[in-house]
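One structure below.
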Amino acid sequence: MAPKRNVVKIAVQKSDAIPQLIQLDQAKPLATVLKEVCDAWNVPHSESYALKFADGHKRYITENNRTEIKNGSILCLSTAPDLEAQQLLGGLQSTNREVCYQALKNLVPLASDMTFAQEVISRDGLQKLSTIIENGDDLGEMLALGLRAFLELMEHGVVSWETLSIPFVRKVVSYVNMNLMDASVQPLALRLLESVTLSSPALGQLVKSEVPLDRLLVHLQVMNQQLQTKAMALLTALLQGASSAERQHMLDYLWQRNLRQFIYKNIIHSAAPMGDEMAHHLYVLQALTLGLLEPRMRTPLDPYSQEQREQLQALRHAAFEPEGESSGTGLSADRRRSLCVREFRKLGFSNSNPAQDLERVPPGLLALDNMLYFSRHAPSAYSRFVLENSSREDKHECPFAQSSIQLTVLLCELLHVGEPCSETAQDFSPMFFSQDHSFHELFCVAIQLLNKTWKEMRATQEDFDKVMQVVREQLARTLALKPTSLELFRTKVNALTYGEVLRLRQTERLHQEGTLAPPILELREKLKPELISLIRQQRLLRLCEGMLFRKISSRRRQDKLWFCCLSPNHEVLQYGDVEEGANPPALESLPEQLPVADIRALLVGKDCPHVREKGSGKQNKDLYELAFSISYDHGEEEAFLNFIAPSKRDFYLWTDGLNALLGSNMGSEQTRLDLEQLLTMETKLRLLELENVPIPEQPPPVPPPPTNFNFCYDFSITEP
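Here it is, written out as structure tokens:
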């Protein structure tokens, strides 16, 4: 007789007692199950006890999560969460320091449990912890435990950060500003202030006014990676909460205090590997700094502005010696106007009035800023560019102004200027921190590259868009290599000539395209099933290897890691939380299990429950592209296991593997590319002996049968 679906076989442990092996009926009330367990051990007052998972996070079992109990689960009998909370909170109020310390030590691991956290919060546990933090009688381990417990409880989102009192926030600020503070306290205090700043604008202003930037710079210069990361997190949170003018002022001050040089030398080039959280905060700092260019990018040139007219004239005077002024002879107004128009044309403006070229937004005034920077900081290269092209008579001149305007637009697109910060991205450029005025310096390199590529292509005005496409490819390919300095970028991008770009394009095209001859297409179709099976095996092996994923909290912070992998027999997904920096855990040590047979469906993108209600703004686009969820049977209800992939490639590999596991088609872009690559390689191997032999579009015609078959040998005739 088959076992009932809602009955699971489990073990229940109790200290100083023989474990019980029971069959748990999930339809039976939990209080009844608990009483039966207590009665078997002759334990009175079953209402004073609760069941917990014996491994993993040892969470309390409630009616809401009891369906997570699977066959073979091990539970343990422990004190009920309300009594445990009451006992520990009583210990916090003890005048005995040792009792208070032990209560805090026991509270921290339990605070991550939602059931226990609700009991603590309902008994004013947060207020009691805030009293310990505000008193600050012990600035060492006890204070660190108090801060950690407070953070764990607040992370559940039951209580808003905006409810914190101003004296409490000021006290936490004092721990950040204090010298000779315990190394375990300040990272926690910084983490708390970061959460306050991101969640409450009013308290964020208080943190901004109370925490000097110089103090954060001191923390960043300490050779403690955790302290550096949390200091950088608070710094970026303060910058994000500031207005544009305040952000400009703050960044100017930080740059004057050599923050950029310190990040470049001591964080980017540190001997210790950089963590994902620090990489994200450097990305945010880069995005916010480049975002200061957005007002100039969105502002068209004002033809009535005296300052802007003088800047245009300065651009002209830097390229051409003013006629008449050097010899001391004056020019008439008409002659001067005609001369200006001619020289602006030589500069590459398409209109007689250059202001009309710069009315386009983007790039607006940012293009003028780039041209002026190039003329002032690389005057010889600027003069050579303009004079070299203005003296050509063969229609191969490269227009400097038009090129600068279009190139500024291109750089803004490649560097995402004006776009909102992603909440998970880590794609910062080390080169950005190697140079002051990095955007303008990058323009100086790019405009000279454009002139070089223009000459290599022997381009004319009609080829302008083609040249810009090549330059975009040159810049994008080089930026993707993440060069660590501007000089290295210059070397690499100049080595990527037009001929090299054509070669790379051809190589990629040969990898992606095959011959369209019907016999080859037929061969590819015959090879597909075998190669798809090979890709399926690789995807399942990738799932068996497992991967670390980051948990995204309600404020999209990525503090915790968890590991998930597929069992070797492809029947169970096993997962559990791991510590930052720890090696991937062994399969048998993972506490949670999800049978593949219980999986209903795979959801991706906006269909996932953990991103469905987060809005549709640009800042959520990266989450949509990396999110996927597994829908599975959770008793009588549907439950979800939610993932945020570290990268797009990992997203494709895992969704393909899960589809293969469920018997569905692997329809990702990565599968298409892998299949195409394997088909191309296998086809070339099969046709290796036919090299240089033309393959006809149509098979040769079958000749008509012969008029007679007398040429056939008759085997029935016996030879003498």
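Using numbering that gives the first Met the number 0, the first residue of the sequence shown is number 0, and each one after it goes up by one.
C-beta atoms are modelled at their ideal positions from N, C-alpha and C, and glycine is treated no differently.
Check for me: the beta strand (DSSP E) holding residue i runs from which residue to which?
| i | result |
| --- | --- |
| tyrosine 631 | 626-633 |
| serine 77 | 73-78 |
| glutamine 22 | 19-24 |
| arginine 549 | 546-549 |
| tyrosine 381 | Run containing tyrosine 381: none in the beta strand (DSSP E); it sits in the alpha helix (DSSP H), 378-389. |
| phenylalanine 562 | 560-565 |
| leucine 50 | 48-52 |
Give me the residue from the options with the minimum Cα distance to residue i.
| i | options | result |
| --- | --- | --- |
| valine 360 | His376, Glu636, Gln405 | Gln405 |
| proline 727 | Ser646, Pro705, Glu668, Pro518 | Past the edges of the chain, shown from 0 to 719, lies residue 727, and the structure says nothing about it. |
| alanine 53 | Lys34, Asn70, Asn63, Val11 | Val11 |
| lysine 13 | Tyr282, Pro186, Lys51, Gly135 | Lys51 |
| methionine 456 | Thr66, Phe639, Val500 | Val500 |
| leucine 565 | Pro704, Asp24, Cys543, Asp81 | Cys543 |
| histidine 218 | Leu233, Lys207, Ser208, Thr679 | Leu233 |
| glutamate 675 | Ala79, Leu640, Leu684, Lys527 | Lys527 |
| glutamine 434 | Thr483, Leu657, Leu367 | Thr483 |
| serine 243 | Lys57, Gln22, Gly417 | Gly417 |
| aspartate 251 | Leu284, Pro28, Glu97 | Leu284 |
Around the C-beta of residue i, are 16 or more other C-beta atoms found within 10 angstroms, so that it is buried, or is it exposed?
| i | result |
| --- | --- |
| valine 701 | exposed |
| tryptophan 453 | buried |
| threonine 235 | buried |
| isoleucine 132 | buried |
| methionine 277 | buried |
| glutamate 722 | Residue 722 cannot be examined here, being either before or after the span of the chain that is shown, 0 to 719. |
| threonine 288 | buried |
| leucine 87 | buried |
| tryptophan 653 | buried |
| glutamine 460 | exposed |
| glycine 139 | exposed |
| alanine 182 | exposed |
| glutamine 305 | exposed |
| asparagine 369 | buried |
| glutamine 573 | buried |
Quick one: give me the first and last residue of the alpha helix (DSSP H) that residue i is part of.
| i | result |
| --- | --- |
| serine 646 | Taken as a continuous stretch (DSSP letters only), serine 646 belongs to no alpha helix (DSSP H), as it is neither H nor E. |
| aspartate 251 | 243-255 |
| alanine 10 | Where alanine 10 is concerned, there is no enclosing alpha helix (DSSP H), although the beta strand (DSSP E) it sits in stretches over 6-12. |
| cysteine 443 | 437-456 |
| leucine 677 | 668-685 |
| lysine 491 | 485-494 |
| tyrosine 282 | 275-290 |
| leucine 125 | 124-134 |
| isoleucine 404 | 399-413 |
| glutamine 425 | That residue, glutamine 425, is in no alpha helix (DSSP H); it is neither H nor E in DSSP. |
Quick one: grab the DSSP three-state call for residue i.
| i | result |
| --- | --- |
| glutamate 324 | At glutamate 324, the pLDDT of 47 sits below 50, so the modelled position is not reliable; the number obtained from the coordinates is stated separately. The answer is coil: DSSP assigns glutamate 324 none of H, G, I, E or B. |
| lysine 69 | coil |
| glutamate 579 | coil |
| asparagine 709 | coil |
| histidine 510 | A caution first: histidine 510 carries a pLDDT of 49, below 50, which makes its placement in the model unreliable, though a value can still be read off. In the structure shown, histidine 510 sits in a helix (DSSP, three-state: H, G or I). |
| proline 594 | strand |
| glutamine 92 | coil |
| leucine 359 | Residue identity check: residue 359 is arginine in the sequence provided, not leucine. DSSP places arginine 359 in coil when its eight states are reduced to three. |
| leucine 572 | strand |
| tyrosine 623 | helix |
| alanine 182 | coil |
| lysine 465 | helix |
| arginine 375 | helix |
Give me the Cα-Cα distance between residue i and residue j, rounded to the nearest whole angstrom.
| i | j | result |
| --- | --- | --- |
| valine 157 | leucine 540 | 40 Å |
| glutamine 447 | phenylalanine 384 | 8 Å |
| leucine 292 | lysine 647 | 29 Å |
| alanine 626 | leucine 253 | 36 Å |
| proline 299 | arginine 535 | 54 Å |
| tyrosine 282 | glutamine 425 | 6 Å |
| threonine 94 | aspartate 15 | 32 Å |
| threonine 114 | glutamate 83 | 11 Å |
| arginine 315 | glutamine 468 | 28 Å |
| alanine 30 | alanine 79 | 12 Å |
| leucine 125 | alanine 49 | 23 Å |
| leucine 192 | methionine 249 | 18 Å |
| threonine 706 | threonine 670 | 54 Å |
| glutamate 358 | leucine 338 | 23 Å |
| leucine 189 | methionine 231 | 9 Å |
| serine 199 | lysine 207 | 12 Å |
| lysine 8 | proline 108 | 28 Å |
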